[in-house]
Structures are given as structure tokens and as C-alpha cells.
Amino acid sequence: MFTAGGTTAADLWARTAEDVPVDVPRVPAREAAEQELSNPMYRENEPSAFQRALDSFWSWIDDLFGAASGAAPGGMVGILGVALLVVLLVLGLWWRLGTPQRTPAAEGTLFDDGPRSAAEHRAAAETHAAAQRWTEAVQERMRAVVRSLEERALLDPRPGRTANEAAAEAGRPLPDHADRLRAAAREFDDVAYGGRTTDKRAYRRLSELDSDLERAKPLLSGAATGVAE
């Protein structure tokens, strides 16, 4: 059977069948797409999880500073100035107070080595001070103070004595220096067992106390008992 123009019905049917698109089911199509996208070549240039987290963090910092600069006087310059002041304050406190301790330090003994004379402790203290090792210098000078009091029989030589015990005992025959002795004992415990740092001024105070005690006249035992009462 022929149609207009000499085209048969069979030709029309063949052409129509070729022009109709293929209808692929949805589920197999989705699975094929997922399989194709799972190919590693598509993820070669993707950032890692760490990089994505870092980008998110810096984006949050940028938003935070942007909001703060809009609210603070001077904008971003004002924010940076405040941050610099905070950093300087923290560094100043760290330098003055030393490394923070998790737990209070236990009170330790004064002498941790063999017996040495007061002169030997003073010489060791001066050596440390000349090298600006103030922590060691303060410890040796305090040991010189106590050893000197023992050599003058103002303190009984006793192993295991702590700095606070020595200060309390020496304050009885030397009441005018009792407060300075207690302060020196606290300084010794802070640097020896508390992990605190010290400075030249602390060593100078302890050296002056050592010199003043050398010239001080102790009270007689009876007078000292009366003062204590």
C-alpha cells in the first residue's frame, strides 16, 4: 500500500519506531549513575575532611572578627589592639607568677645534700647570682641563713628541718627579724617546691636579711620566753 509521495506504510512504521526514545526504568538508571559517580577519578580534587573542617573554622573566625569589628570602636584596628593588650597581660602574669601548678606544693626540707658551712652556701649563692640563676641563688642563700644561725647556736642542728620551722624557731631569739624570716621561708618554699620563679630583688632581700642577722644581737633565753608569752 502506497501513500502520497510513494512512501509505503512499512516505511512509515520503521521511521516512527526509530524516532521513539528509549524509556529506561528509574531504579536501574539511578544505580548506574551512583556507580559512575563512585569512580575515584571524580574525587581526586575534592578537599579532605581535615581541610573542610579547617576551612569551616577559618570561615567562622572571619565572620566573628567581621561582626566584632563592626561593633567595636576603631573597627579591626581596635580589635587587634585589644588582643595585643590581652596577650601582653597574660605574658606579664606568667613572668611574674611563674608556671601555674596543678596542686599545692608540699613543704620540703631545707638541706637536700651533705652538710656544708654557711660560707660554702653563700659562695654557691653568689655563683648562681652572678649567672643570674635567681632560683638557685635564693635557695642557697636561705640555706646559708639557717646554717649561720646553727653555727651561732641560735638554732639546734636538726636534719629534716623545713624553712618554716627554722623561721619560727629563729624568730624567738630574734623577734625583730621574725617577719622577714617567715617571708624568706615562704620564698624558699615557693621556688624550691612550688615551681615558682624568682628574681634579683628577692635575692637581694634575702642577702640583706643574711647580713642583718649576722649583726643582730639575740635575746637571752629568758627574755625570749617572756616575749613569746
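Each step along the sequence shown adds one to the number in my numbering, with nothing skipped, and position 166 is 170.
Even for Gly, the Cβ is constructed at its ideal location relative to N, Cα and C.
Just so you know, these numbers come straight off a predicted model, no measurement behind them.
The alpha helix (DSSP H) spanning residue i covers which residue range?
i, result
"Leu217", "Lys204 to Arg219"
"Thr201", "Here Thr201 belongs to no alpha helix (DSSP H), and DSSP marks it neither H nor E."
"Arg264", "Shown here, the chain extends from 5 to 233; a query on residue 264 therefore has no answer."
"Thr131", "Ala122 to Ala134"
"Arg184", "Ala182 to Ala196"
With a cut-off of 8 Å on the beta carbons, I'd call residue i and residue j a contact; round off their distance for me.
i, j, result
"His181", "Arg151", "At roughly 16 Å, the Cβ-Cβ gap does not stay under 8 Å, so His181 and Arg151 are not in contact."
"Pro222", "Leu178", "6 Å"
"Arg186", "Asp194", "That pair is no contact at about 13 Å."
Can you tell me the Cα-Cα spacing of residue i and residue j, whole angstroms?
i, j, result
"Ala196", "Asn168", "13 Å"
"Gln143", "Ala206", "11 Å"
"Leu88", "Gly96", "12 Å"
"Leu210", "Ala188", "7 Å"
"Ala57", "Ala128", "55 Å"
"Arg184", "Leu213", "7 Å"
"Trp4", "Leu84", "Look at the range of the chain in this structure, 5 to 233, and you will see that residue 4 is not part of it."
"Ala134", "Asp203", "12 Å"
"Ala170", "Asp66", "59 Å"
Could you tell me if residue i is buried or exposed, where buried requires 16 or more neighbouring beta carbons within 10 angstroms of its beta carbon?
i, result
"Trp138", "buried"
"Asp216", "exposed"
"Thr131", "exposed"
"Glu154", "buried"
"Glu191", "buried"
"Asp59", "exposed"
"Val94", "exposed"
"Gly164", "exposed"
"Val149", "buried"
"Arg162", "exposed"
"Arg145", "buried"
"Arg147", "buried"
Three-state secondary structure (DSSP) at residue i?
i, result
"Arg106", "Note on Arg106: pLDDT 43, under 50, position unreliable in the model; the coordinate value appears next. In the structure shown, Arg106 sits in coil (DSSP, three-state: anything other than H, G, I, E or B)."
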